[in-house]
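Here's the structure we're looking at; comments come further down.
Residue numbers (my numbering): 1 to 337.
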């Protein structure tokens, strides 16, 4: 996109040794001092024998953002809590730099500001400027965009960015969640160990539940470490029979039959009743985020599949310059080489 080049920004995709595109994208620009800088975003590491980016920005610890690979590089950059989550999930030592969300971190002379996006505990959006004063914002996945700043180049997600798909429109069913645990003396929620399980604990505490919450091993380790006010937690089977339990959805069937079971999801393919609780903006929220930030160019880099293209096309139809990851060429402009 010519507009990106005019703003002093080149987005590109690298290929691995098999000739396939690596996950997500990289960004090349010149710093305020005129140095050429490359940030790779939510991608796997480049083999050591090849030129490395100046930083691997990891927005959060979900596996489709490839922190399992990037965390082993001393050029990795992520929040303290994202680093903790990566270490617990993958049983590996995080090798890079960390920060508290809200801090400014300097990378090769570039001052990178960090912002909450409320997708998971520790999830981070990154903002910096190039030599032209262009403000570049990488959001990662977003649940709440209220703290995100204005920018000129927006690099964002489209997990629910297909305006033509009715499943991309939803609202969190907090009242349904509250009724479920108040109406059932013995209840279990199916929630992914990282992200959704912590959200479930936060909701239960906000809604006034102060009893014991039982969890599977990984959910327990993550929640105890990542949440400051998690309350009393224990491993499944260690406490009373009428405790609330939180386990991965596929483990609900291992719990006793007398326990009422619900899945925290927008999906309809589980055997248990679903309660809509999402860690993402829906299609309306994503569009509102772009309208509020009002960038000159938007790049949609996540997830795989057709949604980035559909979201970019929709943004174009309402007056925004936008392209999706599948439109990004891996050939760099001469002025960035």
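Note that the Cβ used here is the ideal one computed from N, Cα and C, for glycine as well.
Nonlocal neighbours in the same chain, by C-beta distance under 6 Å from residue i, ignoring five residues either side
i: residue 113; result: 104, 127
i: residue 120; result: 60, 195
i: residue 261; result: 188, 252, 272
i: residue 190; result: 249, 252, 263
i: residue 122; result: 79, 81, 82
Residue i (DSSP reduced to helix, strand or coil)
i: residue 86; result: helix
i: residue 289; result: helix
i: residue 190; result: strand
i: residue 320; result: coil
i: residue 154; result: strand
i: residue 166; result: helix
i: residue 113; result: strand
i: residue 142; result: coil
Residue burial classification, residue i (beta-carbon count within 10 angstroms, cutoff 16)
i: residue 116; result: buried
i: residue 92; result: exposed
i: residue 36; result: exposed
i: residue 263; result: buried
i: residue 62; result: buried
i: residue 232; result: exposed
i: residue 45; result: buried
i: residue 308; result: buried
i: residue 53; result: buried
Between the CA atoms of residue j and residue i - distance to the nearest angstrom
i: residue 359; j: residue 212; result: Shown here, the chain extends from 1 to 337; a query on residue 359 therefore has no answer.
i: residue 226; j: residue 303; result: 25 Å
i: residue 26; j: residue 183; result: 49 Å
i: residue 176; j: residue 95; result: 42 Å
i: residue 318; j: residue 204; result: 39 Å
i: residue 255; j: residue 210; result: 22 Å
i: residue 66; j: residue 82; result: 12 Å
i: residue 30; j: residue 41; result: 17 Å
i: residue 48; j: residue 76; result: 14 Å
i: residue 97; j: residue 197; result: 26 Å
Close Cβ partners of residue i (< 7 Å) along its chain, the five nearest in sequence each way excluded
i: residue 242; result: 185, 186
Chain-order list of residues whose beta-carbon lies under 8 Å from that of residue i (same chain, five-residue window excluded)
i: residue 316; result: 322
i: residue 32; result: 109, 110, 129, 130, 131
Worksheet entry | the region 155–175 touching the region 278–287, judged by at least three CB pairs closer than 8 Å | yes
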